[in-house]
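Following: one structure in C-alpha cells, then a few remarks.
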Amino acid sequence: MKNDYRQKLHLEPQKGWLNDPNGLCYFKGEYHVYFQYSPDSPEGRSAKCWGHWQSPDLLHWRFTGTVLFPDHPDDRNGVYSGCGFVKGDTLYLFYTGNVKEEGDHDYITSGRGANVLLVTTKDGVTMSEKKTLLKNCDYPDYCSCHVRDPKVWEEDGRYRMVLGARTLDDKGCVLYYTSSDLYNWEFEEEIRTPDSGYMWECPDEFVIGGQRFLSISPQGLKHEKYISQNVYSSGYLDLSSGVYTEWDQGFDFYAPQTFDAPDSRKILIGWEGIGDIPYTNPTVGYGWQHCLTLPRELTACDKGKVLQQPVRELEALRKDSKPLNSGGSLDAELPFEITGSCGDEFSLTFEGVLNLEYSSGEFALVFLSKEAGGGRTARFARLETCRDIRVIADTASVEVYLNGGEKVLSSRMYPADTNIRVRARGLNTVLYRLDGIEVISDE
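Position in the sequence shown (first residue = 1) + 139 = the working numbering.
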C-alpha cells in the first residue's frame with residue numbers, strides 16, 4: 140500500500156509544525172502532553188504556540204487544540220518551551236516568553252527578552268491570566284539574552300527551577316532558582332562543564348533509583364563518529380561524576396523532558412526531530428512536519444547510566460506474531476515490532492529502505508536510498524557486545540533499542556510502501572504486527 144506518511148504510533152500534528160514536548164505531567168487522571176506548535180506553517184514560520192493532547196492510558200489520545208498563544212507583551216514573539224508542575228487541584232505551566240525588539244540587534248547579546256511566564260489551569264485546557272516571573276534583569280549579568288526552558292519541581296519543602304543559558308563568552312550552562320511559593324524566585328547557583336558547547340537548552344533535573352541526573356540539549360559540541368553526530372545533541376549528566384551520555388544516537392531526537400507516571404515510573408518523551416537539519420521531511424508537502432518519540436520508561440543502572448524502553452502500555456498493541464530467525468525473511472505491514480536476541484554479528488534489513496547491522500563492536504543504522512531517508516545516511520553507536528534488540532517501526536519513523544535500552548537510535552524514515560520485506564541474519568527474533576494508538580481531535 141502506498142505510504143501517506145501518517146503515523147499510527149507517534150503523536151504528530153494534523154497540520155503545521157511541531158517541536159519540543161512541553162508541560163509533560165499526569166494530572167487529574169490524565170496524561171498531558173503539550174508541545175511547541177506553529178499550526179499555520181509546516182516550516183515553523185507562523186506564531187509559536189502550545190498545542191495539547193491528553194490521554195487516560197497513553198494509548199487513547201484527544202487533541203484539544205491550541206491552548207497557549209503569544210498574546211502577552213512578554214511573549215509576543217513566541218510561547219517557547221517549558222514545563223508542567225502539579226500541586227493539589229492545579230496545574231502550573233511555566234514557559235519562556237520570547238520577545239524580539241526592533242532595531243540593530245544580534246538577538247544574542249541584545250534585543251531579545253527571555254521571560255519566564257506562568258499560567259495555571261484546573262482542567263489542562265482553560266488557562267488563567269499570564270504572570271511574568273523572571274526577566275533578563277533577574278539572570279546573572281554574565282548571561283546573554285538566551286536563557287530559557289524552565290523545569291520546576293519540589294524538593295525538601297522548597298520549589299526549584301532550572302533554566303538553560305548561554306553566557307556572554309559563549310559557554311552553555313544551567314541556572315538554578317529557588318522559591319517558597321512558585322511565584323517569587325531567587326538565583327541559587329549554576330552548573331557548567333568544560334568544552335560543552337555554547338548553549339544548553341531544555342534542562343531537566345531528575346532522580347532515578349537514588350541517582351541524580353541533569354538532562355540537557357547542548358548546542359555547539361564537536362562532532363565525532365560515535366559522539367554528537369547530529370547538528371545538536373541531547374544527553375544527561377550524572378551529577379555525581381559529571382559524565383555526559385547521549386540519550387539517542389539516531390538522526391532525529393532533541394529536547395526531551397521527563398515526568399512521573401502515577402505508579403512512580405519515570406517517563407521520557409522527546410522531539411523526534413531536530414532543528415537546522417541538512418536533510419528533509421517530505422510531509423512538509425502535505426502540510427505538516429515532525430512528531431514526538433514514543434513515551435519511554437527510564438531505569439537507572441550501574442555506573443551512572445540510564446536505560447530506556449518503550450512504555451509497557453504499548454505491548455497491548457501487539458497482534459499476531461511470527462518468528463524471524465537468521466537467514467529468514469518476512470513481508471511485514473507497517474507498523475510492526477521486532478524483538479529478540481543477537482549473535483556476535485548480525486543485520487536486520489528493511490529491503491530498499493534501511494539496514495541495521497552490528498559487527499566488531501559497532502552498530503550502524505544505514506539508509507539504503509536517499510528517498511527512504513530524506514537525505515539521511517548513517518548513524519553509529521559503540522557497544523562491546525550486543526545481546527538483544529528491539530525495533531519499533533512506524534509508517535514514517537523507526538526506534539531501535541539495544542541491550543535493554545543501553546543504546547537507542549531514533550530516526551524518521553520514508554518508505555514508499557507500507558509493506559516491507561524484512562530479512563534477518565545472525566539473530567533470532569519475533570515480529571509483531573501492531574495496532575495503532577487512537578487520536579481524536581476537538582478541532
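Ideal placement from N, C-alpha and C gives every residue a C-beta, glycine not left out.
Contacts around residue i, its chain only, beta-carbon distance under 7 Å, and the 5 residues preceding and following it disregarded
i	result
Gly221	Asn161, Gly162, Leu232, Phe233, Tyr234, Thr235, Asp288 and Pro289
Gly500	Arg521, Leu522 and Glu523
Ser580	Gln153 and Phe202
Lys239	Asn216, Tyr246, Gly250 and Arg251
Leu273	Asn254, Val255 and Trp324
Arg560	Ser468, Asp470 and Glu490
Ile408	Pro160, Leu163, Val172, Pro395, Gln396, Leu431, Thr432 and Pro434
Ser498	Glu484
C-beta contact flag for residue i and residue j at 7 Å
i	j	result
Ala253	Cys276	no
Val301	Pro342	yes
Asp533	Gln146	yes
Ile413	Pro434	no
Gln447	Val382	no
Leu570	Ala471	yes
Ile531	Glu476	yes
Gly479	Leu566	yes
Ser465	Arg562	no
Lys187	Gly155	no
His199	Gly263	no
Lys269	Val258	yes
Ala400	Tyr165	yes
Gly374	Ser549	no
Sequence-distant residues of the same chain with beta carbon closer than 6 Å to residue i, five excluded per side
i	result
Pro152	Trp427
Ser335	Gly311 and Pro357
Val505	Asn494 and Ala517
Leu378	Arg351 and Leu353
Gly190	Phe174, Tyr176 and Thr205
Gly242	none
Val370	Asp415
Thr260	Leu230 and Met266
Endpoints, the beta strand (DSSP E) within which residue i is located
i	result
Ala503	Glu501 to Phe506
Ile531	Asp527 to Asp533
Pro462	Arg457 to Leu463
Pro160	Gly155 to Phe166
Ala555	Where Ala555 is concerned, there is no enclosing beta strand (DSSP E), given that its DSSP letter is neither H nor E.
Thr229	Thr229 to Lys239
Gln193	Cys188 to Ser194
Ser185	From DSSP, Ser185 is part of no beta strand (DSSP E); its letter is neither H nor E.
Val537	Ser536 to Leu541
Gly250	That residue, Gly250, is in no beta strand (DSSP E); it is neither H nor E in DSSP.
Cys276	Neither: Cys276 is in no beta strand (DSSP E) and is coded neither H nor E.
Lys269	Taken as a continuous stretch (DSSP letters only), Lys269 belongs to no beta strand (DSSP E), as it is neither H nor E.
Trp292	Cys282 to Glu294
Glu329	Glu325 to Ile330
Ile579	Glu577 to Ser580
His171	Glu169 to Ser177
Glu496	Leu493 to Ser498
Boundaries (first-last residue) of the alpha helix (DSSP H) holding residue i
i	result
Ala511	Lys509 to Gly512
Cut-off 8 Å between Cβ atoms - residues of its own chain near residue i, not counting five sequence neighbours on either side
i	result
Glu510	Tyr553 and Ala555
Check whether the segment 436-445 and the segment 338-352 touch, using three or more Cβ-Cβ pairs below 8 Å as the test. Note that the segment 436-445 touches the segment 338-352; at least 3 beta-carbon pairs, one per stretch, sit closer than 8 Å.
Contact between the segment 478-497 and the segment 551-565: three or more CB pairs below 8 Å? Taking 8 Å as the limit for Cβ pairs, the verdict is that the segment 551-565 does touch the segment 478-497.
Write down every uninterrupted run of the beta strand (DSSP E) in the segment 342-409 whose length is 3 residues or greater and which is fully enclosed by it, in chain order. With a minimum length of 3 residues, the continuous beta strand (DSSP E) runs that stay inside the segment 342-409 are 350-358, 374-377, 383-385 and 393-399.
The segment 361-368 touching the segment 472-488, judged by at least three CB pairs closer than 8 Å: Under the three-pair Cβ rule at 8 Å, the segment 361-368 does not count as touching the segment 472-488.
Going residue by residue through the segment 410-489, where are the continuous beta strand (DSSP E) segments of at least 3 residues, counting only ones entirely within it? Runs of the beta strand (DSSP E) inside the segment 410-489: 435-440, 444-449, 457-463, 468-472 and 475-489.
Any chance the segment 201-210 sits against the segment 169-187, with 3 or more Cβ pairs inside 8 Å? The way I'd put it, the segment 201-210 does touch the segment 169-187; three or more beta-carbon pairs between them come closer than 8 Å.
Continuous beta strand (DSSP E) assignments of at least 3 residues falling wholly in the segment 193-227: Within the segment 193-227, the complete beta strand (DSSP E) runs of at least 3 residues are 199-207 and 218-226.
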